[in-house]
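Peer 1: Per our numbering, residue 158 is the first one in the sequence shown, and the count goes up by one each step. Glycine included, C-beta positions come from ideal geometry on N, C-alpha and C. Encoded as structure tokens, here's the structure I'll be asking about.
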Amino acid sequence: MKILHYIRRYLPISQTFVQTVLENGARLGNQNAIMTHVVMKSNKATNEMLYDVSTHYSNSLMRKAVNLIHFLRGRCHNTDFKAADNILQEFQPEIIHCHFGTAAYFLYYIQQVCKNETPVVLSMHGFDVFVESEAFYPYEKIIKKHAQNNRLIVTVPSKFLKKHAVSRFGFDEESVRVVHNGFDSTLFYESYLPFCAGQTFKIIHVGRFIDLKGQKYLIEAISELKKRGITCVEAVFIGEGETLSHCKWLAKSLNVEESCHFKGAVNHVDIFKFVSQSHLYVHTSITASNGHAETFGVAVLEAVASGKPVVYFGSGGTPEIFEDSSGIFYKQVQEKSLDDLVEALGYFVEYYPSLDFAALQNARDMIVERFNDIRCAKQLQSIYSELLGRAPNIEGRSQQPTQQ
């Protein structure tokens, strides 16, 4: 099956959802190519063909002139339509898979100009449902036009995002499928870290430092625990971003800077090393005023795969990860509630030594089985086949978590 993946910005994507699709799609028999507007990677080495359809190669004056012509013709900006047409003619894709609504925005114009009717899979992930219209004025209008295409299937990583996508863009509910963001379970295995009185209880949080991730609530909870006499707790924060300096200031102002360790950005493969050295993973993502929330937490899945208990705010799509769990090892608390968060952290500090780790392993295995990347890739393969009216070809290799 020939799949043309359309990504607005081609990044170093070795650990992203897109790369998961490419690698596992190839195992399932797909021939893949990538079309993009911006190549944000110096080394283009890849097993897939990589095409750039932007006008960034031209000087700024020429680009402005071309964009003016496109505007007068009712077309999108920064797009080389002739190059796009050549790619479509050369590769002859059976499916065009748009990653994020921003790619679908450009594809709409490309298909109109090139008179191309290839079926489309559109994977939306969150920002492209809630806020992307701020970047492109006609964005919402264009995505609504996509919604009228009966050869379109939309994928979202959670039921939470499906509800918002259908509401905003008018997609038919049957055309929107929940395909969770899979993760490479072979990179993570169970790592039990003992804890007893007199030792430090280690908490970890992984995520970009933006308001939506809510790291400040964990810092405040560490401070409150110490006020209540629980002084053995430390937290490690992995990530960088715009709120990092504020969080460092907050830790200092609350006199917990020695208990809050900010490690910055960490190579994805090395994240397991930090997670394995912790007792508990805490996920504090919140809901923004416009309804935007984290649609699906891959970092949470990786913590689960590492055998860690989890405390998480009940926002966005994160609760869907644990909807079949008992709540003993994975505790949901009300978002932004300091008291609830402190109570949950205190619970694990007190009862961690007596947790039934055999039962935790069973709970962990069930979640890993539901969300590993091979299973998610097979879901996509079935969607491709459905659009083409074929029986799905999903004979991929089985993949089990392996201890490293």
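Would you kindly check if the distance between the Cβ of Val461 and the Cβ of His440 is under 8 Å?
Peer 2: No; because the gap between Cβ atoms is not below 8 Å, this pair is not in contact.
Peer 1: Judging by CA-CA distance, which residue of Phe238, Tyr262 and Phe287 is the nearest neighbour of Asn447?
Peer 2: Taking only the C-alpha atoms, the option nearest Asn447 is Phe287.
Peer 1: Under the DSSP definition of a beta bridge, which residues are partnered with Cys255?
Peer 2: Per DSSP, Tyr163 and Leu279.
Peer 1: Is Ser433 helix, strand or coil when you go by DSSP?
Peer 2: Looking at Ser433 - three-state DSSP - the assignment turns out to be helix.
Peer 1: Can you check whether the CB of Ser380 is closer than 8 Å to the CB of Leu411?
Peer 2: Going by C-beta atoms, Leu411 is nearer than 8 Å to Ser380.
Peer 1: How many Å lie between Asn424 and Val363 at the Cα?
Peer 2: So the alpha carbons of these two residues sit roughly 12 Å apart.
Peer 1: Check the DSSP bridge columns for Val490 and list the partner residues they point to.
Peer 2: DSSP, once it has assigned bridges, lists Phe470 as partnering Val490.
Peer 1: Spell out a yes or no on whether the segment 332-348 and the segment 414-421 are touching, meaning 3 or more CB-CB pairs, one atom from each, closer than 8 Å.
Peer 2: Verdict: no, contact absent.
Peer 1: Can you find the residues in the same chain that come closer than 7 Å, C-beta to C-beta, to Ala260, ignoring five residues on each side of it along the sequence?
Peer 2: Around Ala260: Tyr163, Ile164 and Arg165.
Peer 1: Are the CB atoms of Leu350 and His436 nearer to each other than 8 Å?
Peer 2: Taking 8 Å as the Cβ cut-off, Leu350 and His436 qualify as a contacting pair.
Peer 1: From which residue to which residue does the alpha helix (DSSP H) around Asp242 run?
Peer 2: Per DSSP, Asp242 belongs to the alpha helix (DSSP H) from Phe238 to Phe248.
Peer 1: Excluding the 5 residues preceding and the 5 following Gly546 in the sequence, name in chain order all residues of the same chain whose CB lies nearer than 6 Å to its CB.
Peer 2: There are no such residues.
Peer 1: At a cut of 8 Å, does the segment 501-512 reach the segment 234-254 through at least three beta carbon pairs?
Peer 2: Judged by Cβ distances under 8 Å, the segment 501-512 makes no contact with the segment 234-254, as fewer than three pairs qualify.
Peer 1: Going by the CB atoms, is the gap between Cys389 and Pro510 shorter than 8 Å?
Peer 2: Their beta carbons are not under 8 Å apart, which means Pro510 does not touch Cys389 by this criterion.
Peer 1: With burial defined as no fewer than 16 other Cβ atoms inside 10 Å of the residue's Cβ, what is the status of Val278: buried or exposed?
Peer 2: Buried, by the Cβ-count rule.
Peer 1: Entirely within the segment 292-341 and at least 3 residues each: give me those beta strand (DSSP E) ranges in chain order.
Peer 2: You should have 309-313 and 333-335.
Peer 1: Determine the direct distance from the alpha carbon of Glu507 to that of Glu391, and round the result to whole angstroms.
Peer 2: Each residue's alpha carbon lies about 15 Å from the other.
Peer 1: Could you give the residue range of the alpha helix (DSSP H) that holds Val423?
Peer 2: Unbroken run through Val423: none, as it is neither H nor E.
Peer 1: Return the CA-CA distance between Gln434 and Ile485, expressed in angstroms with no decimal places.
Peer 2: Going from the Cα of Gln434 to the Cα of Ile485 covers about 21 Å.
Peer 1: Using only alpha-carbon positions, find the residue among Ile540, Lys535, Leu544 and Lys409 that is nearest to Ala183.
Peer 2: Ranking the options by Cα distance to Ala183, first place goes to Lys535.
Peer 1: So the candidates are Ala516, Lys493 and Phe453; which of them puts its Cα closest to the Cα of Lys122?
Peer 2: With the chain covering only 158 through 561, there is no way to say anything about residue 122.
Peer 1: If you reduce the DSSP assignment to three classes, tell me which class Thr343 lands in.
Peer 2: Three-state result, Thr343: helix.
Peer 1: At which residues does the beta strand (DSSP E) containing Val363 begin and terminate?
Peer 2: Looking at the DSSP string, the run of the beta strand (DSSP E) that includes Val363 is Phe358 to Val363.
Peer 1: Helix, strand or coil for Met158, going by three-state DSSP, please let me know.
Peer 2: Looking at Met158 - three-state DSSP - the assignment turns out to be coil, as it is neither helix nor strand.
Peer 1: What number of angstroms, rounded off, separates the C-alpha of Arg101 from the C-alpha of Ala456?
Peer 2: No answer is possible for residue 101: it lies beyond the span of the chain, which begins at 158 and ends at 561.
Peer 1: Go ahead and pull the three-state DSSP assignment for Val439.
Peer 2: Looking at Val439 - three-state DSSP - the assignment turns out to be strand.
Peer 1: Near Asp497, what residues of its chain come up, given a Cβ to Cβ distance below 6 Å and the 5 sequence neighbours on each side ignored?
Peer 2: Closer than 6 Å at the Cβ level, and outside the excluded window around Asp497, lie Val490 and Gln491.
Peer 1: By Cβ distance, which residues of its chain are closer than 7 Å to Gly231, with the 5 residues on each side in sequence left out?
Peer 2: No residues qualify anywhere along the chain.
Peer 1: Among Lys302, Val393 and Ser442, which one has its Cα closest to the Cα of Tyr262?
Peer 2: Ranking Lys302, Val393 and Ser442 by Cα distance to Tyr262 puts Lys302 first.
Peer 1: Could you compute how far the alpha carbon of Leu517 sits from the alpha carbon of Tyr346?
Peer 2: Cα-Cα distance, rounded: 13 Å.
Peer 1: Within the same chain, show all residues whose beta-carbon is closer than 6 Å to that of Arg521, passing over the 5 residues directly before and after it, in chain order.
Peer 2: Counting only Cβ-Cβ distances below 6 Å, and skipping sequence neighbours, we find Val461 and Gly464.
Peer 1: From what residue to what residue does the beta strand (DSSP E) around Leu207 run?
Peer 2: Looking at the DSSP string, the run of the beta strand (DSSP E) that includes Leu207 is Met206 to Asp209.
Peer 1: Sorry if obvious, but does the Cβ on Ala354 come closer than 7 Å to a heavy atom of the ligand FAD?
Peer 2: This structure simply doesn't include the ligand FAD, nor any ligand for that matter.
Peer 1: Assuming Glu477 contacts Ser315 under a Cβ cut-off of 8 Å, what Cβ separation, rounded to an integer in Å, is found between them?
Peer 2: The Cβ separation is near 5 Å, so the contact holds.
Peer 1: If we count the other Cβ atoms within 10 Å of its Cβ and call it buried at 16 or more, is Ala202 buried or exposed?
Peer 2: Bear in mind that a pLDDT of 46 at Ala202, under 50, signals an unreliable position, so the number given afterwards is only what the model happens to contain. Its Cβ having fewer than 16 others within 10 Å, Ala202 is exposed.
Peer 1: Helix, strand or coil for Glu415? Go by DSSP, reduced to three states.
Peer 2: Coil.
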